[in-house]
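Notes to accompany the following structure.
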Amino acid sequence: MAKLTLTVNGRPWSGDVPEETSLLEVLREHLMLSGTKYGCGEGQCGSCTVLIDGRASRACVTPASRAREVVTIEGLASDGQLHPVQRAFIEAQAFQCGFCTPGMVMGATALLARTPSPTDADIRTALDGHLCRCGTYPRIIAAVRAASTTMTRERRRG
Ligand code: FES
Ligand code: FES
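Taking this note's numbering, the leading residue of the sequence shown gets 168, the next gets one more, and so forth.
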């Protein structure tokens, strides 16, 4: 067993889990944060993407012992307001079943944090490997573009 101490969505968590327990398992089974989805379990689909120290990371293939600061889809909203990327996905109707959406949103959030005004090629590269079985890719790209515009405007307003 390993003693873990993590910060998840700004709150400390510690617990004992078997060595090599994945971060995804800790999030879903110990913290009951079911927004992060279990898809392939092999790092291939992106549905389990969370931010670890600000970087988009696949929780299914990340041992929980290697994570420190984690943000999940549940931690993106603040002060009762959805994150601009979440709002943009809703406004663009960038999902059907929604299974891929939390991972897409986290991947897009990481992209916009490092590249505030991405080109479509940047968006495609950042979200490459995020699979959407419903084929909503064009709307997802439109949503990320819209979120970029909104976030730039909000930054200018201060
Ligand atoms: S469940 Fe982690 S990448 Fe597919
Ligand atoms: S909206 Fe269904 S998998 Fe993407």
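Each residue gets a CB set at the ideal place from its N, CA and C atoms; glycine is no exception.
Given the structure is predicted, the values throughout are model-derived calculations rather than measurements.
Per DSSP, the bridge partner or partners of residue i
i, result
"Q248", "S245"
"P285", "Answer is none; P285 lacks a bridge partner."
"R300", "DSSP, once it has assigned bridges, lists no residue as partnering R300."
"P230", "S189"
"V175", "R178, V237"
Unbroken beta strand (DSSP E) run spanning residue i, endpoints
i, result
"T239", "First-last for T239: undefined, no H or E at that position."
"R225", "222–225"
Helix, strand or coil at residue i [DSSP, three-state]
i, result
"L278", "helix"
"P185", "coil"
"L191", "helix"
"T292", "helix"
"A169", "strand"
"T216", "strand"
"E196", "helix"
"T268", "helix"
"F256", "helix"
First through last residue of the alpha helix (DSSP H) which encompasses residue i
i, result
"S315", "304–324"
Requested in this report: Would you check if the region 289–299 and the region 235–243 touch, i.e. whether three or more CB-CB distances between them fall below 8 Å?
Outcome: As far as the Cβ criterion goes, the region 235–243 does not touch the region 289–299, which means the pair count is below three.
Query raised in the report: Do the region 275–283 and the region 307–317 make contact, defined as three or more Cβ pairs closer than 8 Å?
Result: By the Cβ criterion, the region 275–283 is in contact with the region 307–317, since at least three pairs of Cβ atoms, one from each stretch, lie closer than 8 Å.
Query raised in the report: For the 8 Å Cβ check, are there 3 or more pairs between the region 172–182 and the region 190–201?
Result: Touching, yes, given that three or more Cβ pairs across the two stretches are closer than 8 Å.
**Report entry** Cβ contact check for the region 256–268 and the region 224–237: 3 or more pairs under 8 Å
**Finding:** Fewer than three beta-carbon pairs drawn from the region 256–268 and the region 224–237 are found closer than 8 Å, and the two stretches are therefore not classed as touching.
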